[in-house]
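**Student:** Each residue of the sequence shown is one higher than the one before, starting from 0 at the first, in numbering that gives the first Met the number 0.
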Amino acid sequence: MALGIFDSGVGGLTVYKELSSAFPHTNMFYLGDTARVPYGNKSPETIIRYSMECACLLTDKYHVNALVVACNTISSYAVDKLKSVFGLPVLEVIQAGAEKALQVTCNGAIGVIGTIATIRSNSYVNMLKELSGDTVRIWQKACPLFVPLVEEGLITGDIPRLTIKFYLDELMKRPIDTLILACTHYPILAPLISELYPQIRIVDSATVMVEKIKQMGILVSESGRREILVTDASPAFESLKTMLVGNIRMKVIELRETGIA
Ligand code: DGL
Numbered sequence: 000m001a002l003g004i005f006d007s008g009v010g011g012l013t014v015y016k017e018l019s020s021a022f023p024h025t026n027m028f029y030l031g032d033t034a035r036v037p038y039g040n041k042s043p044e045t046i047i048r049y050s051m052e053c054a055c056l057l058t059d060k061y062h063v064n065a066l067v068v069a070c071n072t073i074s075s076y077a078v079d080k081l082k083s084v085f086g087l088p089v090l091e092v093i094q095a096g097a098e099k100a101l102q103v104t105c106n107g108a109i110g111v112i113g114t115i116a117t118i119r120s121n122s123y124v125n126m127l128k129e130l131s132g133d134t135v136r137i138w139q140k141a142c143p144l145f146v147p148l149v150e151e152g153l154i155t156g157d158i159p160r161l162t163i164k165f166y167l168d169e170l171m172k173r174p175i176d177t178l179i180l181a182c183t184h185y186p187i188l189a190p191l192i193s194e195l196y197p198q199i200r201i202v203d204s205a206t207v208m209v210e211k212i213k214q215m216g217i218l219v220s221e222s223g224r225r226e227i228l229v230t231d232a233s234p235a236f237e238s239l240k241t242m243l244v245g246n247i248r249m250k251v252i253e254l255r256e257t258g259i260a
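1) Got a sec, what are the start and stop residues for the alpha helix (DSSP H) Phe85 sits in?
2) What number of angstroms, rounded off, separates the C-alpha of Gly39 from the C-alpha of Arg119?
3) My assumption, with CB atoms under 8 Å, is that Thr114 sits in contact with Thr177. Please give the rounded CB distance.
4) Taking only heavy atoms of ligand 1 into account, decide whether any of them is closer than 7 Å to the Cβ of His62.
5) Any chance the region 89–108 sits against the region 24–32, with 3 or more Cβ pairs inside 8 Å?
6) If distances are taken between C-alpha atoms only, which option among Gly10, Lys99, Met51 and Gly3 comes closest to Thr257?
7) Within the present structure, is the beta-carbon of Val146 separated from the nearest heavy atom of ligand 1 by less than 7 Å?
8) So what's Arg48 in DSSP terms, helix, strand or just coil?
9) Do the region 146–163 and the region 223–238 meet, that is, are 3 or more Cβ pairs less than 8 Å apart?
10) Go through its chain and collect everything with a Cβ distance to Leu228's Cβ below 7 Å, but skip five positions before and after it.
11) Within a Cβ cutoff of 7 Å, which residues of the same chain sit near Met126, ignoring the five residues on either side of it in sequence?
12) Name the DSSP beta bridge partners of Leu90, please?
13) With DSSP as the reference, label Glu150 as helix, strand or coil.
14) Less than 7 Å between the CB of Cys182 and some heavy atom of ligand 1, yes or no?
15) Assuming Val63 and Gly3 make a contact with CB atoms under 8 Å, what is their CB distance in whole Å?
16) Using a 10 Å radius around the Cβ and a threshold of 16 neighbouring Cβ atoms, would you call Glu194 buried or exposed?
17) Could you give the distance in angstroms between the alpha-carbon of Ile112 and the alpha-carbon of Leu191?
18) Should Thr117 and Thr45 be called a contact, given that it needs their Cβ atoms to be closer than 8 Å?
19) Within the same chain, show all residues whose beta-carbon is closer than 6 Å to that of Thr33, passing over the 5 residues directly before and after it, in chain order.
20) Which of helix, strand or coil does DSSP assign to Val135?
21) Mind checking which residues open and close the beta strand (DSSP E) that includes Arg200?
22) Using 10 angstroms around the beta-carbon of Leu161, count the other beta-carbons present and answer buried if the total reaches 16, otherwise exposed.
23) Going along the chain, which residues of its own chain have a beta-carbon closer than 6 Å to the beta-carbon of Ser75, five neighbours each way excluded?
24) If you reduce the DSSP assignment to three classes, tell me which class Val124 lands in.
25) Would you say Pro37 touches ligand 1, meaning its beta carbon is less than 7 Å from a heavy atom?
Written as structure tokens, this is what we have:
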């Protein structure tokens with residue numbers, strides 16, 4: 000049994016980190032498509048095509064038995080296609096994040112921040128409405144500069160602080176009490192977001208994925224093999240990887256076109 004976890008870059012490591020410590024004996028392979036990050040400002044067709052290539056590598060070369068889409072952008076567009084093409088369990092982050100937000104909100108006013116593509120898809124709005132029976136109020140905001148900040152390792156100090164304020168000050172004038180970090184890169188900025196808006200409850204899908212996988216009961220104990228795969232190595236990725244998950248072996252791989260449209 001092996002899990003294949005993937006994202007456009009370093010962000011999905013926030014999900015990998017939680018899964019790795021919750022399931023120490025499960026084999027896990029993480030793929031970050033660092034050569035092509037960000038996905039969040041690309042078209043749905045390109046996001047789907049890139050996702051197919053990531054999943055293909057993990058299934059063909061690493062023989063994973065389940066895919067964890069550690070990316071909200073991919074989860075917003077490609078999950079149905081991944082399920083039908085690969086015929087494996089495909090876990091996505093949106094439902095888990097929406098369920099958690101509905102549990103923690105006291106006033107039913109929820110903010111959602113994510114990439115341009117995720118916000119444009121309305122995936123969280125639709126999921127929150129469906130799960131709550133349309134009883135919540137939702138405000139969304141795309142924050143496209145957060146991903147490059149994180150990928151560059153610019154996660155403390157004035158630049159990320161001002162960028163967070165630039166995107167979130169207006170949103171925080173709404174009556175929201177809960178903020179969904181609808182991008183797996185954003186938990187890395189969560190300490191700063193909490194410092195700036197301490198009244199807000201933050202929900203990130205990384206932590207709630209552990210529960211989801213436990214409920215599915217699909218994991219068995221094995222050697223606990225771990226590997227981090229990237230499509231391009233950069234010093235910034237390397238140091239964030241070390242900060243988040245320690246000194247796990249990292250390998251640069253090449254993705255191939257799948258021809259799946
Ligand atoms: N971490 C990803 C997400 O959750 C993608 C960010 C990007 O590549 O733009 O949406």
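In this text, a Cβ means the ideal position worked out from N, Cα and C, and glycines have one as well.
**Tutor:** The structure says:
1) Mapped onto the sequence shown, residue 85 falls at position 86. From DSSP, the alpha helix (DSSP H) with Phe85 extends over Val78 to Phe85.
2) Position 40 of the sequence shown, counted from the start, is the residue given in the question as residue 39. Position 120 of the sequence shown, counted from the start, is the residue given in the question as residue 119. Distance between the alpha carbons of Gly39 and Arg119 is about 10 Å.
3) Residue numbering aside, residue 114 sits at position 115 when the sequence shown is read from its first letter. Residue numbering aside, residue 177 sits at position 178 when the sequence shown is read from its first letter. About 19 Å separates the two Cβ atoms, so there is no contact after all.
4) Along the sequence shown, one-based indexing puts residue 62 at 63. No, since every heavy atom of ligand 1 falls outside the 7 Å radius drawn around the Cβ of His62.
5) no
6) Position 258 of the sequence shown, counting from 1, holds the residue named residue 257. Looking from the CA of Thr257, the closest CA among Gly10, Lys99, Met51 and Gly3 belongs to Met51.
7) As a working mapping, residue 146 is identified with position 147 in the sequence shown. Relative to ligand 1, the nearest heavy atom lies less than 7 Å away from the CB of Val146.
8) For this step, residue 48 is matched to residue 49 along the sequence shown. It is helical.
9) Contact holds between the region 146–163 and the region 223–238, because three or more Cβ pairs, one in each stretch, are under 8 Å apart.
10) As a working mapping, residue 228 is identified with position 229 in the sequence shown. Counting only Cβ-Cβ distances below 7 Å, and skipping sequence neighbours, we find Phe28, Tyr29, Leu30, Lys250 and Ile252.
11) In the sequence shown, counting from the first residue as 1, residue 126 sits at position 127. Closer than 7 Å at the Cβ level, and outside the excluded window around Met126, lie Ile93, Gln94 and Ala97.
12) The count along the sequence shown starts at 1 and reaches residue 90 at position 91. Paired residues: Val67.
13) Here residue 150 corresponds to residue number 151 of the sequence shown, with the count starting at 1. Note: Glu150 maps to helix in three-state DSSP.
14) For the purposes of this step, residue 182 is taken as residue 183 along the sequence shown, with counting starting at 1. Residue side-chain check: Cys182 places its Cβ nearer than 7 Å to a non-hydrogen atom of ligand 1.
15) For the purposes of this step, residue 63 is identified with residue 64 of the sequence shown, where counting begins at 1. For the purposes of this step, residue 3 is identified with residue 4 of the sequence shown, where counting begins at 1. About 3 Å separates the two Cβ atoms, so the contact holds.
16) To locate residue 194, count along the sequence shown from 1; it is residue 195. Counting Cβ neighbours within 10 Å, Glu194 comes out exposed, since fewer than 16 surround it.
17) Numbered from its first residue, the sequence shown carries residue 112 at position 113. Numbered from its first residue, the sequence shown carries residue 191 at position 192. Rounded to the nearest angstrom, the two C-alpha atoms are 15 Å apart.
18) Numbered from its first residue, the sequence shown carries residue 117 at position 118. Numbered from its first residue, the sequence shown carries residue 45 at position 46. Contact flag unset, no.
19) Here residue 33 corresponds to residue number 34 of the sequence shown, with the count starting at 1. Around Thr33: Gly8, Val229, Thr230, Asp231 and Phe236.
20) Residue numbering aside, residue 135 sits at position 136 when the sequence shown is read from its first letter. In the three-state DSSP reduction, Val135 falls in the coil class, being neither helix nor strand.
21) Counted from its first residue, the sequence shown places residue 200 at position 201. Run containing Arg200: Arg200 to Asp203, per the beta strand (DSSP E) assignment.
22) Reading the sequence shown from its first residue, position 162 is the one you call residue 161. Result: exposed.
23) Taking the first residue of the sequence shown as 1, we reach residue 75 at position 76. Within the same chain, Ser75 has close Cβ partners Thr117, Ser120 and Ser122.
24) As a position in the sequence shown, residue 124 is number 125, starting the count at 1. It is helical.
25) Residue 37 sits at position 38 when you count from the first residue of the sequence shown. Taking the Cβ of Pro37 as the reference point, at least one heavy atom of ligand 1 falls within a distance shorter than 7 Å.
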